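Undergrad:
4 protein chains.
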Amino acid sequence: MNLPTIAHPVEALILAKLSPSVIERARQVRIMAFDVDGVLTDGKLWYGENGELMKCFNSLDGHGLRLMSESGITVALITGREGPILARRAAELGIAIVHQGIRDKSQAISALAQEHGCSLSEVGYMGDDIIDLSALQRVGFAASVPNAPAYISQVAHWTSSKPGGSGAVRECCDVILAAQGRLSVFFTQSAKLMSGVIQ
Amino acid sequence: MNLPTIAHPVEALILAKLSPSVIERARQVRIMAFDVDGVLTDGKLWYGENGELMKCFNSLDGHGLRLMSESGITVALITGREGPILARRAAELGIAIVHQGIRDKSQAISALAQEHGCSLSEVGYMGDDIIDLSALQRVGFAASVPNAPAYISQVAHWTSSKPGGSGAVRECCDVILAAQGRLSVFFTQSAKLMSGVIQ
Amino acid sequence: MNLPTIAHPVEALILAKLSPSVIERARQVRIMAFDVDGVLTDGKLWYGENGELMKCFNSLDGHGLRLMSESGITVALITGREGPILARRAAELGIAIVHQGIRDKSQAISALAQEHGCSLSEVGYMGDDIIDLSALQRVGFAASVPNAPAYISQVAHWTSSKPGGSGAVRECCDVILAAQGRLSVFFTQSAKLMSGVIQ
Amino acid sequence: MNLPTIAHPVEALILAKLSPSVIERARQVRIMAFDVDGVLTDGKLWYGENGELMKCFNSLDGHGLRLMSESGITVALITGREGPILARRAAELGIAIVHQGIRDKSQAISALAQEHGCSLSEVGYMGDDIIDLSALQRVGFAASVPNAPAYISQVAHWTSSKPGGSGAVRECCDVILAAQGRLSVFFTQSAKLMSGVIQ
Numbered sequence: 629m630n631l632p633t634i635a636h637p638v639e640a641l642i643l644a645k646l647s648p649s650v651i652e653r654a655r656q657v658r659i660m661a662f663d664v665d666g667v668l669t670d671g672k673l674w675y676g677e678n679g680e681l682m683k684c685f686n687s688l689d690g691h692g693l694r695l696m697s698e699s700g701i702t703v704a705l706i707t708g709r710e711g712p713i714l715a716r717r718a719a720e721l722g723i724a725i726v727h728q729g730i731r732d733k734s735q736a737i738s739a740l741a742q743e744h745g746c747s748l749s750e751v752g753y754m755g756d757d758i759i760d761l762s763a764l765q766r767v768g769f770a771a772s773v774p775n776a777p778a779y780i781s782q783v784a785h786w787t788s789s790k791p792g793g794s795g796a797v798r799e800c801c802d803v804i805l806a807a808q809g810r811l812s813v814f815f816t817q818s819a820k821l822m823s824g825v826i827q
Numbered sequence: 629m630n631l632p633t634i635a636h637p638v639e640a641l642i643l644a645k646l647s648p649s650v651i652e653r654a655r656q657v658r659i660m661a662f663d664v665d666g667v668l669t670d671g672k673l674w675y676g677e678n679g680e681l682m683k684c685f686n687s688l689d690g691h692g693l694r695l696m697s698e699s700g701i702t703v704a705l706i707t708g709r710e711g712p713i714l715a716r717r718a719a720e721l722g723i724a725i726v727h728q729g730i731r732d733k734s735q736a737i738s739a740l741a742q743e744h745g746c747s748l749s750e751v752g753y754m755g756d757d758i759i760d761l762s763a764l765q766r767v768g769f770a771a772s773v774p775n776a777p778a779y780i781s782q783v784a785h786w787t788s789s790k791p792g793g794s795g796a797v798r799e800c801c802d803v804i805l806a807a808q809g810r811l812s813v814f815f816t817q818s819a820k821l822m823s824g825v826i827q
Numbered sequence: 629m630n631l632p633t634i635a636h637p638v639e640a641l642i643l644a645k646l647s648p649s650v651i652e653r654a655r656q657v658r659i660m661a662f663d664v665d666g667v668l669t670d671g672k673l674w675y676g677e678n679g680e681l682m683k684c685f686n687s688l689d690g691h692g693l694r695l696m697s698e699s700g701i702t703v704a705l706i707t708g709r710e711g712p713i714l715a716r717r718a719a720e721l722g723i724a725i726v727h728q729g730i731r732d733k734s735q736a737i738s739a740l741a742q743e744h745g746c747s748l749s750e751v752g753y754m755g756d757d758i759i760d761l762s763a764l765q766r767v768g769f770a771a772s773v774p775n776a777p778a779y780i781s782q783v784a785h786w787t788s789s790k791p792g793g794s795g796a797v798r799e800c801c802d803v804i805l806a807a808q809g810r811l812s813v814f815f816t817q818s819a820k821l822m823s824g825v826i827q
Numbered sequence: 629m630n631l632p633t634i635a636h637p638v639e640a641l642i643l644a645k646l647s648p649s650v651i652e653r654a655r656q657v658r659i660m661a662f663d664v665d666g667v668l669t670d671g672k673l674w675y676g677e678n679g680e681l682m683k684c685f686n687s688l689d690g691h692g693l694r695l696m697s698e699s700g701i702t703v704a705l706i707t708g709r710e711g712p713i714l715a716r717r718a719a720e721l722g723i724a725i726v727h728q729g730i731r732d733k734s735q736a737i738s739a740l741a742q743e744h745g746c747s748l749s750e751v752g753y754m755g756d757d758i759i760d761l762s763a764l765q766r767v768g769f770a771a772s773v774p775n776a777p778a779y780i781s782q783v784a785h786w787t788s789s790k791p792g793g794s795g796a797v798r799e800c801c802d803v804i805l806a807a808q809g810r811l812s813v814f815f816t817q818s819a820k821l822m823s824g825v826i827q
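Chains as they are written, first to last, in the numbering used here: chain A, 629 to 827; chain B, 629 to 827; chain C, 629 to 827; chain D, 629 to 827.
#1: So, under 8 Å CB-CB, residue 804/A and residue 660/A are touching, yes? Tell me the CB distance rounded to an integer number of Å.
#2: Quick one: list the residues of chain A neighbouring residue 677/B, beta-carbon separation under 7 Å, in chain order.
#3: Could you name the residues of the same chain whose beta carbon sits closer than 7 Å to that of residue 836/C, not counting the 5 residues immediately before and after it, in chain order?
#4: Could you check whether the Cβ of residue 746/C sits closer than 8 Å to any Cβ belonging to chain D?
#5: CA-CA distance, residue 736/A and residue 709/A?
#6: Could you run through the region 654-667 of chain D and flag, in chain order, every residue whose CB is less than 7 Å away from some CB of chain G?
#7: Using only the alpha-carbon positions, how far apart do residue 889/B and residue 697/A sit?
#8: If you scan the region 680-741 of chain B from start to end, which runs of the beta strand (DSSP E) of 3 or more residues do you find wholly inside it?
#9: Hey, how far is the Cα of residue 826/B from the Cα of residue 653/C?
#10: Counting only the same chain and skipping the five closest in sequence on each side, list residues whose C-beta sits under 6 Å from that of residue 734/C.
#11: What whole-angstrom Cβ distance do residue 751/C and residue 768/C have, given they're in contact under 8 Å?
#12: Can you find at least 3 beta carbon pairs, one from the region 683-693 of chain B and one from the region 685-696 of chain A, that sit closer than 8 Å?
#13: Give the residues from the region 683-694 of chain C that approach chain D closer than 8 Å (Cβ to any Cβ), ordered along the chain.
#14: Suppose only complete runs of 4+ residues qualify. What are the alpha helix (DSSP H) ranges in the region 747-793 of chain D, listed by chain order?
#15: Along chain B, in chain order, which residues have C-beta atoms closer than 8 Å to that of residue 798/A?
#16: Give me the Cβ distance between residue 676/D and residue 681/C, rounded to the nearest whole Å; I'm assuming they're in contact under 8 Å.
#17: Would residue 705/D and residue 801/D be called neighbours here (beta carbons separated by less than 8 Å)?
#18: Can you tell me whether residue 799/D is buried or exposed? The criterion is at least 16 other CB atoms within 10 Å of its CB, across all chains shown.
#19: Quick check on this structure: which residue in 811/A, 817/A and 789/A has the alpha carbon closest to the alpha carbon of residue 692/A?
#20: Using a beta-carbon distance below 8 Å, is residue 809/C in contact with chain D?
#21: Which of the three DSSP states is assigned to residue 659/B in this structure?
#22: Below 8 Å on the Cβ atoms is my contact criterion, and I expect residue 807/C with residue 643/C to pass it. Report the Cβ-Cβ distance as a whole number of Å.
#23: Compute the Euclidean distance between the alpha carbons of residue 678/B and residue 658/D, then round it to the nearest angstrom.
#24: Give me, in chain order, the residues of the same chain whose beta-carbon lies closer than 7 Å to that of residue 718/B; leave out the 5 immediate sequence neighbours on both sides.
#25: Between the C-alpha atoms of residue 669/D and residue 723/A, what's the straight-line distance to the nearest angstrom?
#26: So with Cβ pairs under 8 Å, would you call residue 583/A a contact of chain D?
#27: What are the residues of the region 749-769 of chain A that lie near chain D, defined by any Cβ-Cβ distance shorter than 8 Å?
#28: In three-state DSSP terms, what is residue 805/B?
#29: State the start and end residues of the unbroken beta strand (DSSP E) segment that holds residue 673/A.
#30: Could you check whether residue 728/D and residue 740/D sit closer than 8 Å to each other, using their CB atoms as the reference points?
#31: Spatial neighbours of residue 745/C within its chain, please: CB distance less than 7 Å, with the 5 preceding and 5 following residues excluded, ordered by chain position.
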């Protein structure tokens, strides 16, 4: 990977809040996997009398996941629950790798790394509960959320400031993209687009 | 526009929190455009298995948008997403200008200004993400929300204290109406109405 | 009304946070009217493509309104919006007075007072927006919520600490019941019930 | 019960925030009963025109209740309201004891203790309102939530830091499991699982 040595101001703003160790870990991520409930959502489960009615995602997270994919980073969703709603949202975001009903997340992460020819140090995972522990303990970049129990988030290398479902995933995407010098290009594109329109 | 030189106490309360530069920018707004997800909503996307089920708006925002229209300021909604729900809410609020599926918001803002014979300094825009950047950088009054990534909201001239979907749009409307001396009339009307009923 | 002169500890806990003037106003309330959106709810409006899908009420508020009714205080709901959902919830709570589609809330409050042979000093109203102003300025006990614009809540005699839809109405009920010495009876009943079961 | 005398670090983290008296009470719990609205949910009631549409539970709470059951502690849900939604969620979590439409919670708690051959000091209850008072005053471990009125939560032996519906029940489960030395086993299992996969 060709990484810029001097950060763009937007990336510097993000990196300034991170330790060198976290930046180095985020810099190596080639596959980023996310738990769903409590991470991509606020953990709330909406039930009607026939079971789960809906899930609540976040538009900031959606944009972040798209920026990751456009930057060539593989995005995966790995969840213990099952249902058609997540597949619908993932399809809209163009996320092809969606593993549902997974009991052993560590094994799922290993398989993912192998399929993509990555070492575990090039894999990131963001989770919030005991079922996520083994995966968090194996990956190069382990991320968590402030709504997780403290005994989970303390295992992570990095914890978002926004809670799950309110932009935590976007924050995680921004950290990885900034560490890899891949965020500023979207600002430059935006500026070019603007110039194109003005001139 | 005839603007009062001495502010009504209600307007003074709002203006006291603003810099002279922000007041001057808000004073010139003749068209105010808003992004939808994250601004008019809290950015949450409610999905069932067939896609987006609903959107969550705010009654304070609705009243603010009505006060803007009644004051002669043109209100527009510009969003990258598409769907029938927004049209339904906009119709209820009497907002005629609703542009959905917009990729280039800067271009949409320019077209809007031209159609209404306004300069860009007379246009305001409130947004929360990278897709909003080019529009925010062009308009006379650029507004954002505290739930936006910091690298977006720092581009804005003014950021609401309430998050999107919890009254951020109403705060923005109040700022514009107060800067233009157009908010107090609704208090006077309320007082007159009350007198009429009492006497 | 026979009011106790020495407060029960539970009532003292509530009254300790109130000024003598607020206690005196709350003590006189015989009819308490509430706005709906932003007061009995958090102001969020859930829209599908055919309009409002649902409203979100709070179980604490529901219990508070029941305690008010059981204590002989008349409860009314007065809202500018219209729809079948509010009627459904009000029926469940046994609230007979529900006025929807009301533009002039001050007039609605006056009519209510007259029908029940009360003076306006014996009426309370809780609201959060400009449409509520004239009513708030007329009643003996004007209450508001922290999510209201500051220029509205500053008109009120008392503002709840919890926001609308999260227990603001219950807080208001507790204030009135405590000021009237009518809250502790529910604790005594609970204690009696417990004794009955134990012995 | 065989209880470890030296706490696992994860359990120590939780126990460090508790008084010896709370730890002792939690240590004795063999049946833990929970109120639903405001405890297992955030107290919000979602109404359509035909009544309650859905309830919003939390994935962290669900995992906590499963850990309790797997640890041999009996879990019960006791609520004053009635409806099919709670039964659906309870079935998914494998909770067999669900008492709905209960007016006298104290009596329900006594019956529960008797059926399971427990003394009341071995029963816990988590509630948030006046209807829960008599039960809270009887059980060995009385728990409440920060969203309860202060005059309720002050009756409890312990109050969660997270509000109802946002992980309060999980916090309660963690306290009981940590006090009984039954939480760390899930970490050990997770570690073993990980080792098994790696080697």
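A virtual CB, placed ideally from N, CA and C, is assigned to each residue, including glycine.
This structure is a prediction, so every number in the text was calculated from the model and none was measured.
TA: Taking the coordinates as given:
#1: 6 Å
#2: 712, 713 and 716
#3: Lying before the first or after the last residue shown, residue 836/C is absent from chain C, which here runs from 629 to 827.
#4: no
#5: 14 Å
#6: Absent here is chain G; the protein component of the structure consists of chains A, B, C and D.
#7: Since the first residue shown for chain B is 629 and the last is 827, residue 889/B is missing from the structure and cannot be characterised.
#8: 702-706 and 725-727
#9: Caution applies to residue 826/B, whose pLDDT of 27 falls short of 50 and renders its modelled position unreliable; the model cannot decide the point.
#10: 762, 763 and 766
#11: 6 Å
#12: no
#13: 683, 684, 685, 686, 687, 688, 690 and 691
#14: 761-766 and 778-781
#15: 777
#16: 7 Å
#17: no
#18: buried
#19: 811/A
#20: no
#21: strand
#22: 7 Å
#23: 43 Å
#24: 705 and 726
#25: 31 Å
#26: No answer is possible for residue 583/A: it lies beyond the span of chain A, which begins at 629 and ends at 827.
#27: 756, 757, 758, 759, 761, 762, 765 and 766
#28: helix
#29: 672-676
#30: no
#31: none
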